[in-house]
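Participant: Here you go, one structure.
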Amino acid sequence: MSSAEVDITGVSGGAEVSAGRGSVRIDVPKGDLRVALTVGDVDVTSGSSSLGEIDLESTVGSTKLWMNGARIKYPNPPGPGSSVSVSGKGEDTVIVDVEVGDIAVDVGGDEG
Numbered sequence: 003m004s005s006a007e008v009d010i011t012g013v014s015g016g017a018e019v020s021a022g023r024g025s026v027r028i029d030v031p032k033g034d035l036r037v038a039l040t041v042g043d044v045d046v047t048s049g050s051s052s053l054g055e056i057d058l059e060s061t062v063g064s065t066k067l068w069m070n071g072a073r074i075k076y077p078n079p080p081g082p083g084s085s086v087s088v089s090g091k092g093e094d095t096v097i098v099d100v101e102v103g104d105i106a107v108d109v110g111g112d113e114g
């Protein structure tokens, strides 16, 4: 199982991260983002205002989504997991899947 501490900043072409355990921090102006992590936490900030699919899932842990500064609350099924899924008509996707850990995603705003 691979271990990683990943910090990606300023890349506008998108990013894809897959690791066994660790933490992932991404802060980008725009682009498709895909993260798969077995154990650890993911923190994503994207300035994109052209948002398509956003799909966050933690099997054991929490998921939190902010869009344009507002917290999006999503009902969770009973149990230790959490998920948020929304769809827009834009180009940029954010897909995060964590088996054990927390996910925080903040999207929208100025791409400048």
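With this note's numbering applied, the sequence shown closes on residue 114, and no number is skipped along the way.
Virtual Cβ for every residue (Gly too), placed ideally from N, Cα, C.
This one's a predicted model, so the numbers in the text were calculated from it and none came from an experiment.
(1) Could you have a look at V102 and say whether DSSP puts it in helix, strand or coil?
(2) What are the partner residues of T11, as DSSP defines its beta bridges?
(3) Is the beta carbon of V19 less than 7 Å from the beta carbon of V30?
(4) Could you give the DSSP three-state label for G110: helix, strand or coil?
(5) Cutting at 7 Å between CB atoms, please list the residues of its own chain near D34, excluding the five before and the five after it.
(6) Going by C-alpha to C-alpha distance, which of L53, I10, G81, S87 sits closest to S102?
(7) Which residue's Cα is closest to the Cα of S56: S4, V88, S14?
Facilitator: Put simply:
(1) Numbered from 1 along the sequence shown, position 100 holds the residue referred to as residue 102. DSSP places V102 in strand when its eight states are reduced to three.
(2) Working through the sequence shown from its first residue, we reach residue 11 at position 9. For T11, which the question treats as bridged, DSSP gives the partners D29.
(3) Numbered from 1 along the sequence shown, position 17 holds the residue referred to as residue 19. Numbered from 1 along the sequence shown, position 28 holds the residue referred to as residue 30. No. Outside cutoff.
(4) As a first step, residue 110 must be located in the sequence shown, where it is residue number 108. Looking at G110 - three-state DSSP - the assignment turns out to be coil, as it is neither helix nor strand.
(5) The sequence position of residue 34 within the sequence shown is 32, counting from 1. G16, D94, T95.
(6) Residue 102 sits at position 100 when you count from the first residue of the sequence shown. The displayed chain sequence assigns Val, not Ser, to residue 102. The shortest C-alpha separation from V102 is found at G81.
(7) Taking the sequence shown and counting its residues from 1, the one referred to as residue 56 is at position 54. According to the sequence shown, residue 56 is Ile rather than Ser. Here the closest residue by C-alpha is V88.
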